[in-house]
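Take a look at the structure:
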């Protein structure tokens, strides 16, 4: 069975995936190079601290959003007692 290569290369989702993976791979290197190219060592330290704090806030928000999603998905069963 022949697979048409032209169809694959013209597929929009293929290029979206390739560009997304390239951005994920190259993005951190660009951020590090930009942080190291700052002229003042004090600003480098401040930039590093802000980057770490932002990373922590993003991770915390992700965990909070996942827990809220799981709360909505799994409703606790309330046992009724007969008195």
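In my numbering, the protein residues as written are 83 to 165.
Note that the Cβ used here is the ideal one computed from N, Cα and C, for glycine as well.
Owing to the predicted nature of the structure, the values given are computational and were not obtained by experimental measurement.
Is there a C-beta anywhere in chain B that falls below 9 Å from the one on residue i?
i, result
"residue 100", "Absent from the structure: chain B. Only one protein chain is present."
If you draw a straight line from the alpha carbon of residue i to that of residue j, how long is it in whole angstroms?
i, j, result
"residue 137", "residue 130", "11 Å"
"residue 139", "residue 102", "23 Å"
"residue 121", "residue 104", "28 Å"
"residue 111", "residue 97", "21 Å"
"residue 153", "residue 127", "39 Å"
"residue 95", "residue 84", "21 Å"
"residue 155", "residue 149", "10 Å"
"residue 113", "residue 151", "31 Å"
Are residue i and residue j close, meaning C-beta to C-beta below 9 Å?
i, j, result
"residue 117", "residue 92", "no"
Quick one: grab the DSSP three-state call for residue i.
i, result
"residue 121", "coil"
"residue 154", "helix"
"residue 85", "coil"
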